[in-house]
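Q: One structure, as structure tokens, below. Some questions next.
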Amino acid sequence: MRESWRMLEAGHVFEGARVIDKQWNSAADAVADISDGSSLAVGGFGLSGNPIALIEALLAQGTKDLRIVSNNCGVDDWGLGVLLGAQRIRKMTSSYVGENKEFERQFLSGELELELTPQGTLAEKLRAGGSGIAAFYTQTGVGTQVAEGGLPRRYNSDGSIAVASPRKDVRTFEVDGEPREFVLEEAITTDFALVHAAYGDRHGNLVFNKAARNFNPLAAMAGRVCIAQVEQLVEPGELDPDSIHLPGVYVHRMVEVGTDIPKRIERRTVSAAAPASEGA
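Count the sequence shown with our numbering and you get residues 9 to 288, in order.
Listed below in structure tokens is the structure:
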């Protein structure tokens with residue numbers, strides 16, 4: 009209801025209680041009510057599919073003490089790394105934390121809390137949260153500190169462990185006639201989600217391009233308020249229904265950022281040119 013009144017005040021069109029036009033004028037407007045201490049699910053994998061316009065708008069408005077769930081934290085000068093470098097992030101829930109020296113420094117110095125989560129488990133935690141599933145059992149992590157607890161989440165300045173991961177419930181289920189152990193993982197929901205899509209219509213239906221269809225749909229599902237930056241915004245009905253990757257029921261705000269928005273490549277690998285054949 010609060011979201012509906014905000015959009016009504018912003019001049020958006022309603023038909024009964026259903027939002028017709030979810031487009032917002034700017035990234036700054038769309039993230040304006042993300043307050044200090046908010047939790048966010050953010051799409052992206054490496055540097056692919058990062059909602060950089062929304063991240064930079066959040067940086068500009070000065071929001072701090074953020075608790076962010078994302079596969080990784082960008083690099084020092086791109087993606088979520090720009091929020092990290094400004095010390096706006098209090099906690100990260102991630103599956104991969106390489107490629108970012110500032111991340112390493114903040115974590116080891118006790119400035120940043122990290123909940124390290126297996127990648128597939130993180131994806132399912134977000135999907136489950138968006139699907140109304142409270143928790144699920146998985147074999148991933150059985151027999152490790154993921155299940156047994158003790159993984160450092162935050163250090164003291166002297167290098168000792170200030171916060172460690174708790175022990176999780178492990179149960180035995182019969183699978184294919186054999187008993188197997190499974191660890192209980194709780195679903196994730198967040199206050200907001202920030203995602204990037206190639207196409208979107210004004211009803212919020214999204215289409216992702218290739219590798220950008222990574223954690224973006226899952227993050228969108230997990231956020232109570234999903235904000236999507238789209239390269240091209242089209243009218244309802246222009247997207248082939250069979251091509252839509254995420255239905256608009258999960259999306260609340262849309263910002264068109266254009267097709268020329270910068271897209272970084274994490275690692276560029278090129279091969280040496282083959283020598284020209286004789287007589288060519």
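Glycine included, C-beta positions come from ideal geometry on N, C-alpha and C.
(1) Could you tell me whether the Cβ atoms of Ser-173 and Ser-117 are closer together than 8 Å?
(2) Could you pull the start and end residues of the beta strand (DSSP E) that Leu-55 belongs to?
(3) Return the CA-CA distance between Gly-89 and Thr-180, expressed in angstroms with no decimal places.
(4) So if DSSP puts Met-100 in a beta bridge, which residue, or which two residues, is it bridged to?
(5) Any idea what DSSP makes of Arg-272, helix, strand or coil?
(6) Going by CA-CA distance only, name the one from Val-77, Ser-43, Ile-235, Ala-230 that's closest to Ile-141.
(7) Smallest Cα separation from Tyr-163: which of Leu-192, Glu-123, Ala-143?
(8) Give the DSSP-derived three-state secondary structure of Ala-38 in the structure shown.
(9) When we look at the beta-carbon of Asp-44 and count the other beta-carbons within 10 Å, is it buried (16 or more) or exposed?
(10) To the nearest angstrom, report how far apart Arg-210 and Asp-29 are at their CA atoms.
(11) Cα-Cα, which of Asn-58, Gly-256, Glu-239 is closest to Gly-245?
(12) Which residue wins for smallest C-alpha separation from His-8, given the options Ile-169, Pro-283, Cys-234?
(13) When the distance is taken between beta carbons, is Gln-69 closer than 8 Å to Ala-38?
(14) Can you pull the DSSP bridge partners for Ser-47?
(15) DSSP three-state call for Pro-225: helix, strand or coil?
(16) Since Val-263 sits in a beta bridge, which residues does DSSP pair it with?
(17) At the level of alpha carbons, what is the spacing between Ser-56 and Ala-49?
(18) Does Glu-194 pass the burial test, meaning 16 or more other C-beta atoms within 10 Å, or should it be called exposed?
(19) Between which two residues does the alpha helix (DSSP H) containing Ile-63 stretch?
(20) Quick one, which of Val-259, Gly-138, Glu-110, Thr-152 has its alpha-carbon nearest Leu-91's?
A: Let me lay it out:
(1) no
(2) From DSSP, Leu-55 is part of no beta strand (DSSP E); its letter is neither H nor E.
(3) 40 Å
(4) Ile-76, Leu-122
(5) coil
(6) Ala-230
(7) Glu-123
(8) helix
(9) exposed
(10) 5 Å
(11) Gly-256
(12) This structure leaves residue 8 out entirely; the chain is present only between 9 and 288.
(13) no
(14) Arg-75
(15) helix
(16) Gln-237
(17) 15 Å
(18) exposed
(19) 60-69
(20) Glu-110
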